[in-house]
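Structure record follows, encoded as structure tokens.
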Amino acid sequence: MHSALLLAKDVLNKKIVLNKNITFTCESWVASKYDNPDKRIFFSDKSYLPSETPEGLKSLREKDMESLRGNGQGDRKSSDRIYDYDVYDDLGAPDLSLSLARPVLGGNDHPYPRRCRTGRPLSTKDFSEIKEVNFGARALYSVLHAVVPTLDAIITDKDKGFPLFRTIDMLYDQGVNVPAPDNGLKTVLPRLVKGAVDTVDAVIQFETPATIDRDTFSWFRDEEFCRQMLAGLNPYTIQLVTEWPLTSKLDPQVYGPQESGITKEIVEQEIKGFMTLEQALAEKKLFMLDYNDLLLPYVNKTRELNGTTLYGSRTLMFLTPTGTLRPLAIELTRPPSDDKPQWKHVYTPAWDATGAWLWKMAKAQVLSHDSAYHQLVSHWLRTHCVMEPYIIATNRHLSQMHPIRRLLLPHLRYTMQINALARLALINAGGIIESTFSPGKYSMQICSDAYDQLWRFDQESLPADLISRGLAVEDPNSPHGLKLTIEDYPYANDGLLLWDAIKQWATSYVNHYYPKANLIESDVELRQWWDEIRTVGHGDKKDEPWWPQLKTQEDLIGIVSTIMWVGSGHHSAVNFGQYDFAGYFPNRPTMARTKMPNEDPTEEEWQSFIKRPEDALLKCFPSQIQATQVMSVLDVLSSHSPDEEYIGGYIEPAWAAEPAIKAAFEEFRGSLEKLEGIINSRNVNPKFHNRSGAGLVPYQLLKPFSGPGVTGRGVPNSISI
């Protein structure tokens with residue numbers, strides 16, 4: 001028996017070997033009998049479907065799962081092994097202040113996925129008591145509970161912005177002097193916390209992000225503004241324009257006229273010499289970033305908050321003959337209020353000084369919208385949040401012996417730790433998201449609306465997502481069975497290779513354990529697992545017609561491939577580039593603090609803009625405290641831990657125990673190693689203008705493997721940070 005005694009009252013069992021050929025890979029804490037008197041059950045590495053379970057193990061199999069399901073009563077303790085569901089009722093803190101009250105997420109009013117039930121309010125003690133906190137979670141905890149409060153203490157003027165662009169540069173050149181932290185913090189965060197020369201203090205000094213290190217002025221250019229929608233931090237939102245005119249679906253009695261101010265005349269003025277509007281639509285040349293209907297209901301409410309503003313927005317782009325995107329127009333809309341009518345304005349790239357500065361400020365507004373959507377929807381909702389019900393259902397209904405549990409397990413590790421920490425300090429009332437992103441206290445309500453209006457399980461696989469946005473069409477003669485609408489779409493091109501590798505691995509695995517479809521229909525554990533995901537974990541969408549059925553091998557392959565993709569490829573694409581792309585906040589401001597200069601200005605406001613437009617842009621950007629807090633968090637979120645578990649990098653003991661599965665995994669690993677080389681060659685190919693060129697950061701977020709730290713590459717198995 002191989003085990004490690006780490007605490008007097010707890011034992012971590014790693015592995016038990018009997019007679020050299022029967023192995024029990026435990027990898028589990030065993031609580032003291034005083035905390036949990038029930039005996040723990042471990043099963044060997046051999047996988048069994050429920051119907052194939054040896055007779056002597058059937059009752060133990062069911063008993064173990066019963067202990068994991070619990071009875072839904074009482075408070076959960078750190079020693080418990082119980083998985084159950086709850087709504088998000090722990091984000092607010094009304095007992096501290098009524099201003100910190102937040103609506104419950106989950107239910108008819110605010111549909112949302114379910115989280116794991118604890119039965120009590122969340123506290124910092126919960127996180128500190130977790131026995132095996134991974135490196136990334138520990139680093140994030142350190143930033144949230146040491147670095148962020150330190151910055152808050154030394155930057156006393158919370159509204160103070162950056163007076164000059166060179167003061168932003170000083171964050172990287174000189175850093176911020178802070179009181180010396182303990183040595184443990186320096187050990188966990190050596191990249192961020194450095195010793196100051198000749199003083200007892202320390203310095204929070206930020207590394208120069210890769211995008212700015214390669215090209216200081218890249219953030220200023222229109223072509224880079226568009227390129228990052230294909231090869232940047234949020235490649236999940238751009239969509240093909242298929243209908244004209246552009247219109248809103250919101251009630252015109254409440255939000256004003258539905259038709260967009262982006263007219264045919266404006267578009268044809270911008271693409272003059274290329275084609276007509278009708279030709280551009282027919283040839284699939286127009287693309288859009290559309291945050292109008294999602295944000296417009298929150299504009300007036302958000303504007304009542306201090307130090308922020310909001311618009312509904314649309315950004316229209318044109319696909320040029322070189323395969324790059326060019327922005328045509330940005331529309332910003334303010335709905336009517338009690339004392340003002342609807343206000344909307346269309347901005348276009350301009351050649352006069354005033355128009356050019358208004359265009360730059362309109363881009364800053366849109367980028368703040370995209371930053372909020374990226375963090376709330378593309379990142380938190382579509383990866384962290386939706387994965388939690390899969391994790392809960394897997395633990396409740398798929399036995400330790402079940403082959404599908406063992407297939408999914410690497411993609412489910414660490415996520416609930418990270419999600420608990422996010423509820424504690426990131427998405428909670430007054431947390432990092434609310435205090436540094438434009439929607440403020442309404443951020444999580446917008447997230448709930450996005451889940452209600454936009455999220456569908458059947459569109460979470462990469463091919464289905466691309467098709468739903470008009471970025472691909474099915475084509476059996478094309479690679480991956482898809483033809484991309486934009487051929488040079490780095491995220492999609494690399495992602496489809498990774499998706500194919502994942503799906504092929506899932507196909508080999510599923511077909512090995514389920515050679516016939518009737519084995520799936522007769523698998524009670526599997527059916528209960530899928531039913532509970534749909535009807536409880538995502539219960540607010542249980543009646544939707546788009547949920548996949550689970551009857552055939554192909555059904556199961558599609559379901560597990562989607563879950564594996566979300567936890568690995570999808571999350572990596574939106575997470576590990578955060579510091580490179582947003583660490584220099586003018587490139588991706590998280591907040592717009594001021595309205596556009598031409599929105600109902602006073603004479604004094606307008607003249608101030610005319611005399612010093614740079615000042616107006618700097619005032620619009622996040623404040624010093626907001627910028628530095630976000631930069632600190634993004635630095636850690638973008639980092640790989642030294643012990644990161646990358647996709648295809650480690651064979652699970654249960655897979656190695658089965659020769660056919662071991663061979664399939666080796667093939668999977670080989671395809672991932674090949675993907676590394678393909679991405680390398682693409683990044684130096686001059687015909688790919690969206691990923692190769694002077695000053696561009698190569699797109700490598702979906703390269704499977706990486707070293708530790710902020711590398712801008714690497715796909716972990718799971719959401720581990």
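Numbering follows UniProt numbering, with no gaps: position 381 of the sequence shown is 381. In this text, a Cβ means the ideal position worked out from N, Cα and C, and glycines have one as well.
Separation of residue j from residue i, as counted between CA atoms
{"i": "G567", "j": "L637", "result": "15 Å"}
{"i": "R303", "j": "M317", "result": "28 Å"}
{"i": "I533", "j": "R406", "result": "18 Å"}
{"i": "S718", "j": "L471", "result": "26 Å"}
{"i": "V104", "j": "E434", "result": "16 Å"}
{"i": "V346", "j": "S443", "result": "26 Å"}
{"i": "A101", "j": "L424", "result": "15 Å"}
{"i": "Q700", "j": "K595", "result": "36 Å"}
{"i": "A422", "j": "Q453", "result": "23 Å"}
{"i": "P50", "j": "E521", "result": "12 Å"}
{"i": "G92", "j": "R612", "result": "41 Å"}
{"i": "P341", "j": "E605", "result": "21 Å"}
{"i": "M275", "j": "P149", "result": "55 Å"}
{"i": "V241", "j": "N234", "result": "18 Å"}
{"i": "V143", "j": "I204", "result": "11 Å"}
{"i": "V633", "j": "E55", "result": "52 Å"}
{"i": "E652", "j": "K516", "result": "25 Å"}
{"i": "L250", "j": "Y373", "result": "19 Å"}
{"i": "E645", "j": "Y414", "result": "11 Å"}
{"i": "V710", "j": "D555", "result": "37 Å"}
{"i": "R40", "j": "E52", "result": "22 Å"}
Counted within 10 angstroms of its Cβ, other Cβ atoms place residue i as buried (16 or more) or exposed
{"i": "K551", "result": "exposed"}
{"i": "residue 728", "result": "Since the displayed the chain opens at 1 and closes at 721, residue 728 lies outside it and no answer follows."}
{"i": "D90", "result": "buried"}
{"i": "Y650", "result": "exposed"}
{"i": "A506", "result": "buried"}
{"i": "S59", "result": "exposed"}
{"i": "N518", "result": "exposed"}
{"i": "G136", "result": "buried"}
{"i": "A657", "result": "buried"}
{"i": "K541", "result": "buried"}
Cβ-Cβ distance between residue i and residue j below 8 Å
{"i": "E487", "j": "G323", "result": "yes"}
{"i": "T348", "j": "E224", "result": "no"}
{"i": "L246", "j": "K264", "result": "no"}
{"i": "L305", "j": "G430", "result": "no"}
{"i": "M229", "j": "L289", "result": "yes"}
{"i": "G537", "j": "I392", "result": "yes"}
{"i": "residue 723", "j": "Y311", "result": "The structure shown does not extend to residue 723, since the chain is modelled only from 1 through 721, so no value can be given for it."}
{"i": "P327", "j": "T309", "result": "no"}
{"i": "C226", "j": "L325", "result": "yes"}
{"i": "K272", "j": "T485", "result": "no"}
{"i": "Q239", "j": "R469", "result": "yes"}
{"i": "W219", "j": "Y584", "result": "yes"}
{"i": "D449", "j": "G307", "result": "no"}
Per-residue DSSP class, three states only, for residue i
{"i": "S97", "result": "coil"}
{"i": "M591", "result": "coil"}
{"i": "K9", "result": "Because K9 sits at a pLDDT of 38, beneath the cut-off of 50, its placement in the model cannot be relied upon, and the following sentence gives the value as read from the coordinates. Here K9 sits in coil by DSSP."}
{"i": "H110", "result": "coil"}
{"i": "I432", "result": "helix"}
{"i": "V346", "result": "strand"}
{"i": "N177", "result": "strand"}
{"i": "F508", "result": "Inspection of the sequence shows that residue 508 is occupied by Ser rather than by Phe. Of the three classes helix, strand and coil, the one that applies to S508 here is helix, per DSSP."}
{"i": "F217", "result": "coil"}
{"i": "Y88", "result": "strand"}
{"i": "I610", "result": "helix"}
{"i": "M401", "result": "coil"}
{"i": "G312", "result": "strand"}
{"i": "L305", "result": "coil"}
{"i": "M170", "result": "helix"}
{"i": "T25", "result": "strand"}
{"i": "Q375", "result": "helix"}
CB contact check: residue i to chain B, cutoff 8 Å
{"i": "A663", "result": "Among the chains in the structure shown there is no chain B, since it carries only a single protein chain."}
Below 8 Å, how does it come out for the stretch 624-634 and the stretch 580-594: are there three or more Cβ pairs, yes or no?
yes
Are the stretch 357-370 and the stretch 394-411 touching, with three or more C-beta to C-beta distances below 8 Å?
no
Is the stretch 556-574 touching the stretch 497-506, taking contact as three or more C-beta pairs under 8 Å?
yes
Does the stretch 208-222 come close enough to the stretch 687-706 to have 3 or more Cβ pairs within less than 8 Å?
yes
Evaluate the contact criterion for the stretch 448-468 versus the stretch 381-388: three or more CB pairs, one atom per stretch, below 8 Å.
yes
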